[in-house]
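The block underneath contains the structure these notes are about, expressed in structure tokens.
There are 2 protein chains.
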Amino acid sequence: MPSPFPDIHISLPAWVGTWIEQQDTTDFENMEGRMRFVIGLAGENIRTGTGGPFGAAIFDGTTHNLLAPGVNLVLSSQCSVLHAEMVAIMIAQTILHTYDLGGGGLPPVELVTSTAPCAMCLGAIPWAGIARLVCGARDEDARALGFDEGAKVTDWTGALKKRGIETVVDVCRRDAVELLGSYKEAGGAIYNSKNG
Amino acid sequence: MPSPFPDIHISLPAWVGTWIEQQDTTDFENMEGRMRFVIGLAGENIRTGTGGPFGAAIFDGTTHNLLAPGVNLVLSSQCSVLHAEMVAIMIAQTILHTYDLGGGGLPPVELVTSTAPCAMCLGAIPWAGIARLVCGARDEDARALGFDEGAKVTDWTGALKKRGIETVVDVCRRDAVELLGSYKEAGGAIYNSKNG
Chain A
1 MPSPFPDIHI SLPAWVGTWI EQQDTTDFEN MEGRMRFVIG LAGENIRTGT GGPFGAAIFD
61 GTTHNLLAPG VNLVLSSQCS VLHAEMVAIM IAQTILHTYD LGGGGLPPVE LVTSTAPCAM
121 CLGAIPWAGI ARLVCGARDE DARALGFDEG AKVTDWTGAL KKRGIETVVD VCRRDAVELL
181 GSYKEAGGAI YNSKNG
Chain B
197 MPSPFPDIHI SLPAWVGTWI EQQDTTDFEN MEGRMRFVIG LAGENIRTGT GGPFGAAIFD
257 GTTHNLLAPG VNLVLSSQCS VLHAEMVAIM IAQTILHTYD LGGGGLPPVE LVTSTAPCAM
317 CLGAIPWAGI ARLVCGARDE DARALGFDEG AKVTDWTGAL KKRGIETVVD VCRRDAVELL
377 GSYKEAGGAI YNSKNG
């Protein structure tokens, strides 16, 4: 008999492909350019109403080519798991047909995120095989907006380092924080769970 | 233009619906019965080769009816996010059309998992609106098998409690550990990322 439980389908919003085509990919050569790109994704996600003020992307750590973008889809998909980082990870793994982006034969991959990862996304990073994490806004910036970042170990960059993952923080932080502020000013939904 | 990035499709293995039909749902009235059910899911996941030795399910916390099952699909889906708890959460949210299982008008929901959640799944629990978490095997039991549970805050049950989430540990732990052992004996893959 067919399973009585539904399948799960996750799609990027329709605007993502077109918007990315319009970006200057030569900017990807430097870390700030890659961060501006994910802040841009977050901004479009606000503007088009497809989700929260968070963008992320996975880049080839050697060529700096874009591998997979991600935007926060919690509200539009009604799924609490779909933070921008999780979406980017799942798309990259779908493209490369592997649960381990750090596996044999692949270049090291970099996850760039407009705000430092919450407890869930932080936990997902080692499992996904990410080699380098690049963060814009800090936890405290997201919390100032009203989002709960969850219970992260105090030295979370150290915990990643123990697993061979490098972290760079505060990249274009001012721009990232400004974007978060614009979401709040526009009356964007702060979607913590009632229990959370 | 259509997005050049793939959609993500997640399906429970075909055996899940049939197997669940064969279970005695009157057992769900007690916590041990619900734990035996998720250990059973983990066992079938090993036997059929659809994934790692982990099962989970979300129950209505009032009636104890099954809402959504989950099994580990990391290997079969080649997606590191698809731990049993994450699958159960995403299916429950798909069924109820809400990112907040603790939201208005819904009964409190319980997440039962055959092994205590890793850092990622632990982080996902508050966002999903879970009211109660019930765990079988401990972190240390999974680590003894070779799985990395990630960097969890030391007092993780206390961190959940602060967010209004009750945790019950060591439910049928012996059975849960025995199941993990059977996976190891059968030469089951330990699929940490090479970087992780």
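In order, the protein sequence lines correspond to chains A and B.
Residue numbers for the first sequence, in the working numbering: 1 to 196.
Residue numbers for the second sequence, in the working numbering: 197 to 392.
Glycine included, each C-beta is placed from N, C-alpha and C at the ideal position.
Note that the coordinates shown come from a computational prediction; the quantities given were computed from them, not determined experimentally.
Interface flag, residue i vs chain B, CB-CB below 9 Å
i, result
"residue 64 (chain A)", "no"
"residue 53 (chain A)", "no"
"residue 46 (chain A)", "no"
"residue 114 (chain A)", "no"
"residue 79 (chain A)", "yes"
"residue 111 (chain A)", "no"
"residue 60 (chain A)", "no"
"residue 141 (chain A)", "no"
"residue 163 (chain A)", "yes"
CB-CB length for residue i against residue j, believed under 8 Å
i, j, result
"residue 394 (chain B)", "residue 93 (chain A)", "Beyond the ends of chain B as shown, which are 197 and 392, falls residue 394 (chain B); an answer cannot be given."
"residue 254 (chain B)", "residue 305 (chain B)", "5 Å"
"residue 213 (chain B)", "residue 6 (chain A)", "Contact flag wrong, Cβ pair sits at about 11 Å."
"residue 347 (chain B)", "residue 315 (chain B)", "6 Å"
"residue 382 (chain B)", "residue 242 (chain B)", "7 Å"
"residue 50 (chain A)", "residue 76 (chain A)", "5 Å"
"residue 48 (chain A)", "residue 85 (chain A)", "Between residue 85 (chain A) and residue 48 (chain A) the Cβ distance is about 20 Å, and since that is not below 8 Å, they are no contact."
"residue 303 (chain B)", "residue 256 (chain B)", "5 Å"
"residue 28 (chain A)", "residue 64 (chain A)", "5 Å"
Where residue i falls, given that 16 or more other Cβ within 10 Å makes a residue buried
i, result
"residue 361 (chain B)", "buried"
"residue 83 (chain A)", "buried"
"residue 299 (chain B)", "exposed"
"residue 230 (chain B)", "buried"
"residue 351 (chain B)", "exposed"
"residue 190 (chain A)", "exposed"
"residue 56 (chain A)", "buried"
"residue 345 (chain B)", "buried"
"residue 100 (chain A)", "buried"
Short CB-CB distance (under 9 Å) between residue i and chain A
i, result
"residue 396 (chain B)", "Outside the shown range of chain B, which is 197 to 392, sits residue 396 (chain B), and nothing can be said about it."
"residue 380 (chain B)", "no"
"residue 388 (chain B)", "yes"
"residue 319 (chain B)", "yes"
"residue 220 (chain B)", "no"
"residue 201 (chain B)", "yes"
"residue 344 (chain B)", "yes"
"residue 245 (chain B)", "no"
"residue 324 (chain B)", "yes"
"residue 363 (chain B)", "no"
- request: Inspect the CB distances between the region 311-324 of chain B and the region 274-293 of chain B and report whether three or more fall short of 8 Å.
  value: yes
- prompt: Are three or more beta carbon pairs between the region 257-267 of chain B and the region 146-161 of chain A nearer than 8 Å?
  reply: no
message: Taking contact to mean 3 or more Cβ pairs, one atom from each stretch, closer than 8 Å, check whether the region 362-371 of chain B and the region 165-178 of chain A are in contact.
response: no
- request: List in chain order: all unbroken beta strand (DSSP E) runs of 3+ residues lying wholly within the region 254-314 of chain B.
  value: 262-267 and 305-311
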